[in-house]
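Shown next, in the form of structure tokens:
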């Protein structure tokens, strides 16, 4: 089943955020149907920096390729602003698609961008964003590679302007729509009342962000087709890492923390180490069992 056909189903698609091949593997093992490669999560982990437009298209493409080497799940990938103008957006489409992405999320912020839940964002003219959407559609190799158009206009020009931009992006050919940083359930319902049935709608759940946290079933009832939890895994692991290092520093041993971590065998089980070694052994014998 393609991501496009899955989004035609009534049940909402829950896509947890990942930032590397390990988190993608664990998400797949948990039973999710798709994953979201978050630009913010890559900035937090690979760069140790905030989500303020520092991550490059090459770093994201490399990460996407490593994930695709490990998992077969559909991947929605953060394309930020396309990393420049319409020509940059086309290059991003080609690079991401070759690396194995199934959907690209592009936003209408100026470049460099910042996290959608940070203040003082700025956005490009509607016509420029429409051009980027058209450019990406022209550049993609497969119609099954989706374009998710995101507008950050709510915090910059207001809710009504965001709705107008969303209409323009749907008209331009966006395959899914993402109105970022909605501030209330009423705003969320207004968006779904306006667009559901016309185009799949994406909701973004950011712990401590501008949008009220809702569970997947409530979002589905509103009319959303996709919900992403982009940075949750980083916040969870960062909290665990902080506690782990504090424990190690205090105790000089991992013993007090043992119940909160995998042991050597536990991690290797999740990585499929035994199966990979067995496969390698088989090829040593000419590929015969």
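Residue numbers (the numbering used here): 30 to 318. No residue lacks a Cβ here, since even glycine has one placed at the ideal position from N, Cα and C. No experiment lies behind these values; they were computed from the predicted model shown.
Cut-off 7 Å between Cβ atoms - residues of its own chain near residue i, not counting five sequence neighbours on either side
| i | result |
| --- | --- |
| residue 166 | 176, 202 |
| residue 239 | 146, 210, 212 |
| residue 185 | 150, 151, 152 |
| residue 322 | Outside the modelled stretch of the chain, which goes from 30 to 318, sits residue 322, for which no answer is possible. |
| residue 258 | 45, 46, 234 |
| residue 90 | 124, 125, 128 |
| residue 100 | 53, 54, 57 |
| residue 225 | 252 |
| residue 241 | 213, 214 |
Whether residue i touches residue j by CB criterion (8 Å)
| i | j | result |
| --- | --- | --- |
| residue 191 | residue 197 | no |
| residue 86 | residue 66 | no |
| residue 144 | residue 57 | no |
| residue 60 | residue 97 | no |
| residue 32 | residue 53 | no |
| residue 158 | residue 125 | no |
| residue 296 | residue 41 | no |
| residue 164 | residue 115 | yes |
| residue 55 | residue 299 | yes |
| residue 180 | residue 195 | yes |
| residue 84 | residue 71 | yes |
| residue 237 | residue 142 | no |
Contact set for residue i: own chain, Cβ-Cβ below 8 Å, skip 5 residues either direction
| i | result |
| --- | --- |
| residue 322 | Since the first and last residues shown for the chain are 30 and 318, residue 322 lies out of range. |
| residue 205 | 36, 132, 175, 176, 177, 178, 228, 229, 230, 231, 254, 255 |
| residue 267 | 73 |
| residue 171 | 126 |
For residue i, the first and last residue of its enclosing alpha helix (DSSP H)
| i | result |
| --- | --- |
| residue 216 | 214 to 224 |
| residue 46 | Taken as a continuous stretch (DSSP letters only), residue 46 belongs to no alpha helix (DSSP H), being part of the beta strand (DSSP E) at 42 to 47. |
| residue 117 | 115 to 128 |
| residue 31 | Looking at the DSSP string, residue 31 is not in any alpha helix (DSSP H), and its letter there is neither H nor E. |
| residue 304 | 302 to 313 |
| residue 162 | 155 to 168 |
| residue 71 | 68 to 71 |
| residue 280 | 261 to 280 |
| residue 143 | That residue, residue 143, is in no alpha helix (DSSP H); it is neither H nor E in DSSP. |
| residue 50 | 50 to 58 |
Same chain, Cβ closer than 6 Å to residue i, five either side skipped, listed in chain order
| i | result |
| --- | --- |
| residue 235 | 146 |
| residue 286 | 273, 276 |
| residue 246 | none |
Limits of the unbroken beta strand (DSSP E) element including residue i
| i | result |
| --- | --- |
| residue 107 | 104 to 107 |
| residue 177 | 175 to 180 |
| residue 192 | It is not in any beta strand (DSSP E) - residue 192 instead sits in the alpha helix (DSSP H) that spans 188 to 201. |
| residue 257 | 255 to 258 |
Check: residue i C-beta below 7 Å from any heavy atom of the ligand NAD
| i | result |
| --- | --- |
| residue 168 | Absence of the ligand NAD from the depicted structure is noted, as is the absence of any ligand whatsoever, leaving it without description. |
Cross-strand partners of residue i (DSSP beta bridge)
| i | result |
| --- | --- |
| residue 244 | Paired residues: none, contrary to the question. |
| residue 134 | 107, 177 |
| residue 206 | 178, 230 |
| residue 96 | Paired residues: none, contrary to the question. |
- Message: Does the contact criterion of 3 or more C-beta pairs under 8 Å hold for the region 69 to 88 versus the region 289 to 308?
- Response: They do not touch, by the three-pair rule.
- Counting pairs of beta carbons, one from the region 95 to 110 and one from the region 124 to 139, are three or more of them closer than 8 Å? In short, these stretches touch, since the Cβ pair count reaches three.
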